[in-house]
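Protein sequences appear in the order of chains A, B and C.
If you count by this note's numbering, then the first sequence holds residues 3 to 105, one letter each, in order.
If you count by this note's numbering, then the second sequence holds residues 25 to 324, one letter each, in order.
If you count by this note's numbering, then the third sequence holds residues 76 to 459, one letter each, in order.
Just so you know, even glycine gets a beta-carbon here, dropped at the ideal spot from N, CA and C.
Presented below is the structure to which this report refers.
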Amino acid sequence: MEDTSWALNRNLRLADWREGDAIAYLGDSGDLHVINELTRKILGIFQSGPLTLGELSERMSFLTTHGEDPHYLGRQVVQLESLGVLYALSAERESITPLKIKR
Amino acid sequence: MNIPTKSYQIGPFSVAVSTDVAEIDRGIESFYQGFKPVNAKFFDFHISLEQPRGVRRWFRPQIDFVFDGIRPFKPLPRTQGLALFEWGLNWCITNHCHEYLTIHAAVIERNGFSLILPAPPGAGKSTLCAALVCAGWRLLSDELALINLEGANCIAPLARPVCLKNESISIIKQASPSSRFGKTCTGTNKGDVAHMMAPASSVELIDECAVGRLIVFPRYIANSKTILTRRSKATTFFEMARQSFNFHVLGSKGFEALESVVTRSDCYDFEYSNLDEAIELMTELSDQQLVSGVSTEELI
Amino acid sequence: MKEISCFLWLLRSPLSAVDLLSLQQWDLIVRQARCVGMLGRIYHLLDTKKLIDRVPSEARKHFRWGDTVASRHAELVRVEVESIADLVSSLGESITLLKGAAYCCSDNPAVKGRLFTDIDILVEKGALADVERVLELNGWLSTHLSDYDQNYYRRWMHELPPMKHGQRQTELDIHHAILPETARVKTDSKELLSNVVAINAKNTIFRLSDEDMLLHSAAHLFFDGEFKHGFRDLEDIRSLLEARNPDIFHWDLLLDRALTLGLSEPCYFALYFSRYWFEVEISDRVLNRALEVSSLGVCRSAVLVRLFSQSLMPLHPSCSSIRNAFARQLLYIRSHFLKMPVHLLVPHLVYKAVLPLLEKIQRKGKQGSRGGMIQMLEEDAKSL
């Protein structure tokens with residue numbers, strides 16, 4: 003998992019009011035989620051492009067106190083994958099649509 | 025037998041209605057008195073209220089709602105014809121119209137700013153809506169918030185009657201003796217149902233959209249204090265999407281329309297049991313919006 | 076036919092119709108199109124020809140609303156189909172899409188804007204059990220749960236009982252053939268599956284070849300007894316024909332293929348109606364050959380053409396008549412005879428006719444007898 007890169011679902015839209023929680027909307031599946039501040043920050047970092055878990059952790063450490071714990075971040079990333087918000091890049095993929103979309 | 029058709033322009037929708045039950049015909053006419061006449065060639069919705077053939081035409085007579093040959097509901101007792109028409113028209117709009125993001129909410133307006141009251145049935149939204157309209161607010165709708173997809177943060181009026189149930193009917197009649205009501209339909213699956221017609225002033229402004237500014241989730245709880253608490257925009261967005269009829273159909277356009285309203289609105293939860301206090305608080309809230317100095321132009 | 080003359084005019088010659096139709100005529104077209112699920116289709120047809128802005132705004136918005144629904148639905152179907160294909164590919168199998176799902180996922184411009192409900196897929200008969208199991212494990216549930224219905228579908232028809240996703244409510248029909256096992260006409264699935272075309276780069280999602288898609292559409296319309304979307308299905312056939320690649324497509328090859336698949340009869344009707352209702356250019360020679368090869372004979376074909384003409388009218392109050400209803404009834408009966416031999420059909424129809432009464436008696440037995448004609452009438456009214 004350490005070498006895997008993760009990327010944002012290109013159909014993701016974020017509604018963000020700088021208040022804490024935000025809304026993540028997936029235009030392809032129509033799924034809608036209320037996301038907390040930390041998750042919002044994680045997604046914000048992924049907007050710059052695909053990252054490994056290590057890279058994510060490094061960038062998070064400047065932003066939050068949770069950022070240094072790679073296990074916690076790892077769990078967040080896996081959860082976001084199961085929601086279809088993030089997906090793992092693999093060498094076999096030719097297109098950038100997600101591998102799986104689960105509800 | 026040629027059943028005459030009457031036509032009505034109800035906000036953005038042209039509706040042709042035909043029925044051979046004179047009482048229902050008169051009732052609908054009174055609901056939409058003062059609405060603009062409609063071009064008689066094209067109608068968005070062709071509706072008829074028909075007496076069934078067979079024994080239910082005479083024995084415990086029933087009435088059927090028919091939309092262009094389709095019967096989306098089971099027949100109801102003929103005495104509930106007006107309620108059936110209103111519910112049926114809601115169905116027509118929510119099932120076919122995708123010009124707007126439609127949300128199950130009441131919308132009223134004061135000082136140029138709208139107050140959206142989204143709520144599941146039973147939360148007391150219609151009673152609060154009716155009370156505020158009687159206190160001078162403009163009625164846009166008591167059931168359907170039509171949020172414009174093209175213009176940012178713009179809500180289209182319908183000025184259709186407010187549907188009140190059971191005790192609310194007498195409460196509002198007492199509070200506002202000059203308000204006009206249709207005949208009470210008894211024995212519906214929601215109890216007694218009556219419709220309070222929109223005041224003429226609301227009908228006159230039917231072509232004027234309102235700008236979203238306040239979103240309040242009301243909850244009537246017997247004997248509770250009047251409590252207003254802020255809620256986050258994210259949970260407001262989520263709940264309004266849930267209360268929407270066509271958010272899933274509109275996709276990204278629906279997302280953008282809802283975002284534009286929620287972004288520009290202050291969002292609250294509201295518990296109440298005393299209607300007078302509720303009216304006072306909502307009025308104060310609306311006045312605060314005016315005072316806070318946010319101009320209409322800045323919002324759009 | 077005059078009831079749909081404006082509708083047909085718009086579909087045949089949109090360039091002239093769009094400026095000449097009156098508002099009243101547009102009103103009727105919108106209603107008929109809505110009835111057959113073609114609002115989005117009209118939007119797309121007129122938009123592609125850059126005519127949509129010439130439609131009066133009153134009508135245009137209805138077409139647009141229909142297109143909004145159809146486009147969104149198509150998007151969701153594409154996502155759903157990918158998900159199903161991924162599950163099935165874990166078994167080393169691929170899926171072949173049929174009908175609406177095939178048009179939508181292969182981005183066939185001929186039928187864009189079309190509204191459809193279920194996803195139909197074709198899998199090899201041997202793989203059915205495994206496919207069903209992997210779908211069940213991932214949230215798909217079988218509908219039609221009575222033993223009789225399960226048996227009817229599995230043993231006698233050409234599909235599993237329809238499945239529905241427990242959460243998303245999408246409906247899925249899994250076929251192993253395009254016509255029932257018990258049908259008098261047999262179409263070899265292996266023959267169909269040997270000619271499929273891949274839709275995705277992973278080669279997990281396929282569609283039938285252009286000719287086979289056309290013939291399947293024709294078989295579905297002219298063998299099945301359902302005409303609720305008959306007019307729309309006929310327009311599909313006309314669109315598929317008009318989108319044909321003139322460098323590859325040959326009428327005689329189509330007729331030969333129809334013969335191979337045992338579908339010469341529906342092929343004839345598909346060509347007949349495409350020519351006479353939609354003015355698709357089909358020569359006398361081709362039409363005559365299609366009739367000859369179908370072995371329908373002049374009399375039988377004339378009778379069936381008449382019945383189909385009446386049955387394919389939209390099920391809209393403007394087109395309803397006792398004559399049309401009667402034609403549909405006859406064709407419904409015919410379709411049953413085509414699907415099942417008499418010794419299976421008669422018991423099946425009797426069972427289906429008696430079943431509601433049996434269920435009512437069972438319910439009454441549980442309630443205790445209150446009886447009375449009035450009560451039964453009340454129950455009938457409630458069940459409308």
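Within 10 angstroms of the Cβ of V425 (chain C), are there 16 or more other Cβ atoms? Answer buried if so, exposed if not. Taking the third sequence and counting its residues from 1, one reaches residue 425 (chain C) at position 350. Looking at its Cβ environment, which holds fewer than 16 other Cβ atoms inside 10 Å, V425 (chain C) is exposed.
Hey, quick one: how far does the alpha helix (DSSP H) through S264 (chain C) stretch, first residue to last? Counting from one through the third sequence, the residue named residue 264 (chain C) turns up at place 189. Its alpha helix (DSSP H) spans residues 264 to 268.
Per-residue burial, K187 (chain C) [other beta carbons within 10 Å of its own, 16 or more giving buried]: To locate residue 187 (chain C), count along the third sequence from 1; it is residue 112. Flag for K187 (chain C) reads buried.
Tell me which same chain residues have a C-beta within less than 7 Å of the C-beta of I245 (chain B), skipping the five on either side of it? Taking the first residue of the second sequence as 1, we reach residue 245 (chain B) at position 221. These residues qualify, in order along the chain: E295, S297.
Have a look at C:I127, C:P131, C:T143, C:I196 and flag the residue whose alpha-carbon is nearest the alpha-carbon of E155 (chain C). Within the third sequence, numbered from 1, the residue matching residue 155 (chain C) stands at position 80. Checked all of C:I127, C:P131, C:T143, C:I196; the closest Cα to E155 (chain C) is C:I196.
Opposite M388 (chain C) in the DSSP bridges: which residues? By 1-based counting over the third sequence, the position of residue 388 (chain C) is 313. M388 (chain C) is not bridged to any residue.
Am I right that L91 (chain A) and W19 (chain A) are in contact with their C-beta atoms under 8 Å? What's the rounded C-beta distance? The residue you call residue 91 (chain A) lines up with position 89 of the first sequence. The residue you call residue 19 (chain A) lines up with position 17 of the first sequence. Not confirmed; about 30 Å, so no contact.
Rounded to the nearest angstrom, what separates G69 (chain A) and A302 (chain B) at their Cα positions? Position 67 of the first sequence, counted from the start, is the residue given in the question as residue 69 (chain A). Position 278 of the second sequence, counted from the start, is the residue given in the question as residue 302 (chain B). In this predicted model, G69 (chain A) has a pLDDT of only 48, less than 50, meaning its place in the structure is not dependable enough to derive any value.
Taking L420 (chain C) as the reference, which of C:E310, C:C342, C:A258, C:A400 has the closest Cα? Taking the third sequence and counting its residues from 1, the one referred to as residue 420 (chain C) is at position 345. For L420 (chain C), the nearest C-alpha among the options comes from C:A258.
Taking only the alpha-carbon atoms, compute the straight-line gap between R307 (chain C) and F281 (chain C) and give it to the nearest angstrom. Numbered from its first residue, the third sequence carries residue 307 (chain C) at position 232. Numbered from its first residue, the third sequence carries residue 281 (chain C) at position 206. Cα-Cα distance, rounded: 24 Å.
Given a threshold of 16 other Cβ atoms within 10 Å of its Cβ, counted over all protein chains shown, does H391 (chain C) qualify as buried or as exposed? Counted from its first residue, the third sequence places residue 391 (chain C) at position 316. Buried is the call here.
Sub-8 Å separation of L16 (chain A) and L45 (chain A) beta-carbons: Along the first sequence, read from residue 1 onward, the residue named residue 16 (chain A) stands at position 14. Along the first sequence, read from residue 1 onward, the residue named residue 45 (chain A) stands at position 43. Closer than 8 Å, so yes.
For the beta strand (DSSP E) holding N177 (chain B), just list the boundary residues, first then last. Looking up residue 177 (chain B) in the second sequence gives position 153. Element bounds for N177 (chain B): n/a, residue is neither H nor E.
Using the beta-carbon count (16 or more within 10 Å), is H122 (chain B) buried or exposed? Sequence index remark: in the second sequence, residue 122 (chain B) carries index 98 (1-based). When all chains shown are included, H122 (chain B) counts as buried.
Would D30 (chain A) count as contacting chain C if we go by Cβ distances under 8 Å? Within the first sequence, numbered from 1, the residue matching residue 30 (chain A) stands at position 28. At least one chain C Cβ lies under 8 Å of D30 (chain A).
Which residue's Cα is closest to the Cα of S370 (chain C): C:E286, C:P341, C:K265? What you label residue 370 (chain C) is simply residue 295 of the third sequence in a count that begins at 1. The option with the nearest alpha carbon to S370 (chain C) is C:P341.
Does C121 (chain B) get closer than 8 Å to chain C when you measure Cβ to Cβ? As a first step, residue 121 (chain B) is located in the second sequence; it is residue number 97 there, counting from the start. Cβ-Cβ to chain C under 8 Å: yes for C121 (chain B).
Give the DSSP bridge partners of A218 (chain B), in chain order. Numbered from 1 along the second sequence, position 194 holds the residue referred to as residue 218 (chain B). B:L188, per the DSSP bridge assignment.
I need the DSSP call for G236 (chain B), collapsed to helix, strand or coil. In the second sequence, residue 236 (chain B) corresponds to position 212, counting from 1. Looking at G236 (chain B) - three-state DSSP - the assignment turns out to be strand.
Mapping DSSP to helix, strand and coil, what is D248 (chain C)? The residue you call residue 248 (chain C) lines up with position 173 of the third sequence. Reduced to three states, the DSSP call for D248 (chain C) is strand.
Could you check which residue in C:E168, C:G167, C:I249, C:S349 has the C-alpha nearest to that of D193 (chain C)? Translated into positions along the third sequence, residue 193 (chain C) becomes position 118. Comparing Cα-Cα distances from D193 (chain C) to each of C:E168, C:G167, C:I249, C:S349, the minimum goes to C:I249.
Is S393 (chain C) near Q107 (chain C), with beta carbons less than 8 Å apart? Along the third sequence, one-based indexing puts residue 393 (chain C) at 318. Along the third sequence, one-based indexing puts residue 107 (chain C) at 32. Yes. Within cutoff.
For a contact meaning CB atoms closer than 7 Å, what does L98 (chain C) contact in chain B? For this step, residue 98 (chain C) is matched to residue 23 along the third sequence. Going along chain B in sequence order, the residues near L98 (chain C) (Cβ under 7 Å) are K65, F66.
Same chain, Cβ closer than 6 Å to F191 (chain C), neighbours up to 5 away in sequence not counted: Indexing the third sequence from 1 puts residue 191 (chain C) at position 116. So the list reads G175, once near-sequence residues are dropped.
F401 (chain C): buried (16+ other C-beta within 10 angstroms of its C-beta) or exposed? Numbered from its first residue, the third sequence carries residue 401 (chain C) at position 326. With fewer than 16 other Cβ atoms within 10 Å, it is exposed.
Simplified DSSP state of I303 (chain B), which is helix, strand or coil: What you label residue 303 (chain B) is simply residue 279 of the second sequence in a count that begins at 1. Helix.
Between F279 (chain B) and chain A, is the shortest Cβ-Cβ distance under 8 Å, so that the two count as touching? As a working mapping, residue 279 (chain B) is identified with position 255 in the second sequence. Answer yes: the Cβ-Cβ gap between F279 (chain B) and chain A drops below 8 Å somewhere.
Counting only beta-carbon atoms, is V154 (chain C) nearer than 8 Å to chain A? For the purposes of this step, residue 154 (chain C) is identified with residue 79 of the third sequence, where counting begins at 1. Interface residue, yes.
Three-state class that DSSP yields for R15 (chain A) in the structure shown: Reading the first sequence from its first residue, position 13 is the one you call residue 15 (chain A). Strand, per DSSP.
For H128 (chain B), does the three-state DSSP call read helix, strand or coil? Within the second sequence, residue 128 (chain B) is the residue found at index 104, counting from 1. Correct three-state label for H128 (chain B): strand.
What does a CB cutoff of less than 7 Å around Q267 (chain B) pick up in its chain, not counting 5 residues either side in sequence? Sequence index remark: in the second sequence, residue 267 (chain B) carries index 243 (1-based). Once the five neighbours on either side are set aside, the close Cβ partners of Q267 (chain B) are I127, H128, A129, P142.
Where E453 (chain C) falls: helix, strand or coil (DSSP): By 1-based counting over the third sequence, the position of residue 453 (chain C) is 378. Note that E453 (chain C) scores 42 on pLDDT, short of 50, meaning its location in the model is unreliable; the coordinates nonetheless yield the value given after this. The answer is helix: DSSP assigns E453 (chain C) an H, G or I state.
With the cut-off set at 8 Å, would you say E207 (chain C) and L235 (chain C) are in Cβ contact? Within the third sequence, the letter at position 132 stands for residue 207 (chain C). Within the third sequence, the letter at position 160 stands for residue 235 (chain C). Their beta carbons are under 8 Å apart, which means E207 (chain C) touches L235 (chain C) by this criterion.
Does any CB atom of chain A fall closer than 8 Å to the CB of E150 (chain C)? Sequence index remark: in the third sequence, residue 150 (chain C) carries index 75 (1-based). Closer than 8 Å to some Cβ of chain A, the Cβ of E150 (chain C) qualifies, so yes.
Leaving out the 5 sequence neighbours to the left and right, which residues in its chain are closer than 8 Å to W140 (chain C) when beta-carbon positions are compared? As a working mapping, residue 140 (chain C) is identified with position 65 in the third sequence. Taken in chain order, the residues that qualify are L114.
Looking at H251 (chain C): is its Cβ nearer than 8 Å to the Cβ of S269 (chain C)? Taking the third sequence and counting its residues from 1, one reaches residue 251 (chain C) at position 176. Taking the third sequence and counting its residues from 1, one reaches residue 269 (chain C) at position 194. No.
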